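Chains as they are written, first to last, in this note's numbering: chain E, 1 to 244; chain L, 1 to 244.
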């Protein structure tokens, strides 16, 4: 869980909620600063403003839903409004405060790595907004998938968004991927921190994968790919179901 | 002068010139990241888009002009178009390249601290876009003012933009000012670097002063305040003339 001076993401969300500040700035461990021109606005986007492939993914969301890294509640609030029972989890206390103020009934401060502490059984695990990245690494991802097996029902799905890191011509990104492979990490295993004003999160690993890499990571964990939903760019959503 | 991997400002200007990227991000040594929602667009703004107090300042600009920290050439190009003889100086090679491509006839890679290397005599020294900050500190500012005395004509003026650091309610800024006074620096002597993608300038001091502080800094250097031009906010322009 993030201390207040670390909760850059939460403060960003909070300030945007209160007065429309921004942008989100992600710093990578090669020094790259990447300010988003869309965030945090997109964290608050109404359903009709979502990307089309995200809206399409909603029909794979059923029953009790766990929204992992729920942020400002963009997806959780939509599903709650649709009548689903949703629990949002996040490590940002301030982001959760915003969720509650916006009307999300169930949310809880919990890292994605500790979902096995939940006692409910979920029909859908959501990792939206690129949050497949929260798997962090090949090894940690596989461990987390096994934990998710334990907190889900027999026909459960994981609906997870990622980004193919190879679909870029950006030389800084390609050099970073080479460096990653050189140090024995996956190409898209980016070490980043979120910064906002004087707030900065600790460094953490966020994992971007191609579809092939995702398939390899999932294989043997009790889950398999049901289908992919493509965006117009390198982003995509995987519908992952329990192997029966 | 900045090496290519340090020329964050130049790369920002260059990319904006080529493809409209941004924003400029300034990092302060307390960890504050300050992304501007206006820059770099404002570095390219046409005269009719300038702030009103900046346009008003133009009538104090005469004769041969030295534009200190000319950036993308916003002011220098306007004055050149008006028929004045302008020399722009900057420490960013890429910013100067953009100036040349935009049509600025005279510009040169030279730090503001080394204006005494110029052999011409100028009637006006311009420090626009907050560039009074390039004086850096009380001591360095006074030394630079004496150097500017040597490269200017008898009735010369310095037209310099600053920002009153005390006109803020921002707690991070007020805490930073307290820390500065505690370590024996002027309240508004911010230690910053400009970052853009993986580029980052070295840390440098940039000086923000109240009008009173400016008057104190200038006193005894051969210069005096002729008048102040106010913006609607904490920014202002000082018209400084030679003491006769």
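Even for Gly, the Cβ is constructed at its ideal location relative to N, Cα and C. Here the structure is a predicted model, which means the values were calculated and not measured.
task: Grab me the residues of residue 168 of chain E's own chain with a C-beta within less than 8 Å of its C-beta, minus the 5 sequence neighbours each way, in chain order.
output: One-based indexing of the first chain puts residue 168 of chain E at position 168. Same-chain partners within the cutoff: 174, 234.
field: Interface residues of chain L facing residue 246 of chain E [CB-CB closer than 7 Å]
entry: Missing from the structure shown is residue 246 of chain E; chain E here goes from 1 to 244 and no further.
query: How many whole angstroms separate the CB atoms of residue 66 of chain E and residue 87 of chain E, which I take to be in contact at a CB cut-off of 8 Å?
result: Locating residue 66 of chain E in the first chain gives position 66, counting from the first residue. Locating residue 87 of chain E in the first chain gives position 87, counting from the first residue. Contact between residue 66 of chain E and residue 87 of chain E holds: their C-beta atoms lie close to 5 Å from each other, under 8 Å.
field: Against chain E: residues of the region 189–207 of chain L by CB proximity under 9 Å
entry: The region 189–207 of chain L vs chain E, Cβ under 9 Å: 195, 196, 197, 198, 199, 200.
- prompt: Closer than 7 Å, Cβ to any Cβ of chain E: which residues of the region 136–170 of chain L, in chain order?
  reply: Cβ contacts with chain E come from no residue of the region 136–170 of chain L.
query: Would residue 30 of chain L count as contacting chain E if we go by Cβ distances under 8 Å?
result: Here residue 30 of chain L refers to the residue found at position 30 when the second chain is read from its first residue. So yes, residue 30 of chain L belongs to the interface.
field: CA-to-CA distance, residue 178 of chain E to residue 116 of chain E, given in whole angstroms
entry: Numbered from its first residue, the first chain carries residue 116 of chain E at position 116. Numbered from its first residue, the first chain carries residue 178 of chain E at position 178. So the two alpha carbons sit approximately 34 Å from each other.
task: Can you give me the start and stop residues for the beta strand (DSSP E) that residue 213 of chain L sits inside?
output: By one-based count along the second chain, residue 213 of chain L stands at place 213. Residue 213 of chain L: not part of any beta strand (DSSP E); member of the alpha helix (DSSP H) spanning 211–218, first to last residue.
query: What does residue 66 of chain L pair with, by DSSP beta-bridge criteria?
result: Here residue 66 of chain L is taken as the residue at index 66 of the second chain, counted from 1. Per the DSSP secondary-structure output, residue 66 of chain L pairs in a beta bridge with L/87, L/125.
task: Would you identify the three-state DSSP class for residue 236 of chain E, choosing helix, strand or coil?
output: Locating residue 236 of chain E in the first chain gives position 236, counting from the first residue. Correct three-state label for residue 236 of chain E: strand.
query: Using a beta-carbon distance below 8 Å, is residue 172 of chain E in contact with chain L?
result: Residue numbering aside, residue 172 of chain E sits at position 172 when the first chain is read from its first letter. The C-beta of residue 172 of chain E comes closer than 8 Å to at least one C-beta of chain L.
query: Can at least three beta-carbon pairs, one atom from the region 136–145 of chain L and one from the region 209–227 of chain L, be found at a separation below 8 Å?
result: In short, these stretches touch, since the Cβ pair count reaches three.
task: Enumerate, from N- to C-terminal direction, the unbroken beta strand (DSSP E) stretches of 3 or more residues contained entirely within the region 125–186 of chain E.
output: Counting only runs of 3 or more, we get 152–163.
task: Pick helix, strand or coil for residue 230 of chain E, following the three-state DSSP scheme.
output: One-based indexing of the first chain puts residue 230 of chain E at position 230. For residue 230 of chain E, the secondary structure class from DSSP, reduced to helix, strand or coil, is strand.
query: Of the choices E/3, E/120, E/92, whose alpha-carbon is the least far from that of residue 110 of chain E?
result: What you label residue 110 of chain E is simply residue 110 of the first chain in a count that begins at 1. The closest CA to that of residue 110 of chain E, considering only E/3, E/120, E/92, is found on E/92.
As assigned by DSSP and simplified to three states, the class of residue 250 of chain L: Examination of residue 250 of chain L is not possible in this model, given that chain L is present from 1 through 244 alone.
- request: Within the same chain, show all residues whose beta-carbon is closer than 8 Å to that of residue 68 of chain L, passing over the 5 residues directly before and after it, in chain order.
  value: The residue labelled residue 68 of chain L in the question sits at position 68 within the second chain. Result list for residue 68 of chain L: 89, 112, 115, 125, 126, 127, 131, 134, in chain order.
- prompt: Across which residues does DSSP place residue 98 of chain E in a beta bridge pair?
  reply: For the purposes of this step, residue 98 of chain E is taken as the residue at position 98 of the first chain. For residue 98 of chain E, no pairing in a beta bridge is given by DSSP.
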